[in-house]
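Student: Supplied in structure tokens, the structure appears directly below.
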Amino acid sequence: MLALFTGAATDVYGVLGEEAVYTVAATGTSVALRAVIARDVQSPIAPLGELVQDRRTVITVRAAALAGHTPVLGDTLRCGSEVWKVLALEQDDGYEIRLLVRAFPAVGRGTLRQGGNTATGELSQTGAPPP
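In the working numbering, the protein residues as written are 6 to 136.
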């Protein structure tokens, strides 16, 4: 029975998923995978209750695609020209991993330089602001 659901999940990712590259921050290892990207997901901000909603991007990947790696702050996921930095592992049921992410500065929008706050993975950005 599990094989039936595993096959169905593969089919869903084949249709809804986008080709992406997941990069582990600590080692630089990259893995090609398919990711389901949900943009502008509304969710309540915990201490403020249901009245205040936050819009964010949530990315879901198959756990098997990460070959045992547990996502951590600073890992990145690239899909086309978009790059997201992992903020937190929101859910891991052993089959799918749901990641809370934030957009990373896009290529061509200034020059990234090393520096900034290494504890949070924030990088400084120089150059002209985007048009």
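In this text, a Cβ means the ideal position worked out from N, Cα and C, and glycines have one as well. All values reported here derive from a predicted model rather than from experimental measurement.
Note down the Cα distance separating Tyr-18 from Arg-44, rounded to an integer number of angstroms.
Tutor: Taking the straight line joining both Cα atoms gives about 16 Å.
Student: To test your reading of the DSSP string, which unbroken beta strand (DSSP E) runs of 3 or more residues are found completely within the segment 43–104?
Tutor: Those beta strand (DSSP E) runs which fall completely within the segment 43–104 and span 3+ residues are 54–67, 81–84 and 87–97.
Student: Are there 16 or more other CB atoms within 10 angstroms of the CB of Ala-8, so buried, or fewer, so exposed?
Tutor: Exposed: under 16 other Cβ atoms inside 10 Å.
Student: Please report how far the alpha carbon of Val-106 lies from the alpha carbon of Leu-92, in whole angstroms.
Tutor: For Val-106 and Leu-92, the distance between alpha carbons rounds to 5 Å.
Student: I'd like to confirm the pairing. Which residues does DSSP put opposite Tyr-27 in its beta bridges?
Tutor: In the DSSP output, where bridge partners are listed per residue, Tyr-27 has Val-36 and Leu-82.
Student: So, is the C-beta of Pro-110 closer than 9 Å to a C-beta in chain D?
Tutor: You won't find chain D in this structure, because it holds only one protein chain.
Student: What does Val-106 pair with, by DSSP beta-bridge criteria?
Tutor: Its beta-bridge partners are Thr-62 and Val-91.
Student: Please say whether Tyr-27 and Asp-97 have beta carbons closer to each other than 9 Å?
Tutor: Going by C-beta atoms, Asp-97 is not nearer than 9 Å to Tyr-27.
Student: What residues in its chain sit with their C-beta under 6 Å from that of Val-41, if we drop five residues either side in the sequence?
Tutor: Excluding positions up to five away in sequence, the list reads Leu-21, Gly-22 and Thr-65.
Student: Which one of Val-46, Phe-109, Thr-32 and His-74 has the shortest CA to CA distance from Ser-5?
Tutor: Here the chain has residues from 6 to 136 only, and residue 5 is not among them.
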